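Undergrad: Numbered per my numbering, the sequence shown spans residues 1 to 125. Note that the Cβ used here is the ideal one computed from N, Cα and C, for glycine as well. Bear in mind the structure is a predicted one, so any value in this text is a computation, not a measurement.
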Amino acid sequence: MGVAQGDWRPRTDIKFPTVYFSFDRDIIGATERTKIEKVAKYLNENQQLGLIVEGHCDDRGTIEYNRALGERRANAVKNYIASLGVSPNRIKTISYGEDRPAVPGTTPEARAKNRRAELVPADMK
């Protein structure tokens, strides 16, 4: 789970799905778009909620490159959610690059689980 973003407080009672990406990509695939569309619908029905989008990468690439890629992934999700009617002011992004792996290790399976964006619902203050 991510950290508080400004005065926003992550909600632990609401779980949104994780969005996964292909290696070295920030393009959202069709299956992942379906996940995001469900999140956008929920956010449109619950206007008091904000969303923190955390971009992550696997361990390949430099620290700087992975931070930038994580940022591009988070922004891709933010932009898609905004295109579905959620105000961009309700969405914050952060990149952790490779610093917070979901699964430790360098196997193809572990790396695939680490190329992601985590969607964290939050109370906006």
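Let me see if you follow: with CB-CB separation under 9 Å, is Y20 close to chain C or not?
TA: The chain labelled as chain C is not found in the depicted structure, where only one protein chain is given.
Undergrad: Kindly provide the ranges of any beta strand (DSSP E) runs that are 3 or more residues long and lie completely inside the stretch 45 to 94, ordered along the chain.
TA: You should have 49 to 56.
Undergrad: Does DSSP put M1 in a helix, in a strand, or in coil?
TA: Its pLDDT being 39, under 50, M1 is placed unreliably in this model, and the value from its coordinates should be taken loosely. In the structure shown, M1 sits in coil (DSSP, three-state: anything other than H, G, I, E or B).
Undergrad: Helix, strand or coil: which one does DSSP assign to R115?
TA: Three-state result, R115: coil.
Undergrad: Can you say whether S95 is buried or exposed, counting buried as having 16 or more other CB atoms within 10 angstroms of its CB?
TA: Counting Cβ neighbours within 10 Å, S95 comes out buried, since at least 16 surround it.
Undergrad: Does the Cβ of M1 have 16 or more other Cβ atoms within 10 Å, making it buried, or fewer, making it exposed?
TA: Reliability of the predicted coordinates at M1 is poor, the pLDDT of 39 falling under 50, and the value obtained from them is presented with this limitation in mind. Counting Cβ neighbours within 10 Å, M1 comes out exposed, since fewer than 16 surround it.
Undergrad: Output yes or no for whether 9 Å exceeds the beta carbon distance between A74 and E98.
TA: It is not a contact, given that the beta carbons lie outside the stated cut-off.
Undergrad: Going by beta-carbon coordinates alone, are A112 and L84 separated by less than 9 Å?
TA: For A112 and L84, no; Cβs fall outside 9 Å.
Undergrad: Please report the Cβ distance between N44 and V86, rounded to the nearest whole angstrom; I am assuming they are in contact, meaning their Cβ atoms lie under 8 Å.
TA: Between V86 and N44 the Cβ distance is about 6 Å, and since that is below 8 Å, they are a contact.
Undergrad: Measure the alpha-carbon distance for F23 versus P101 and round it to whole angstroms.
TA: Taking the straight line joining both Cα atoms gives about 15 Å.
Undergrad: Report buried or exposed for E37, applying the criterion of at least 16 other Cβ atoms within 10 angstroms of its Cβ.
TA: With fewer than 16 Cβ atoms within 10 Å of its Cβ, E37 is classed as exposed.
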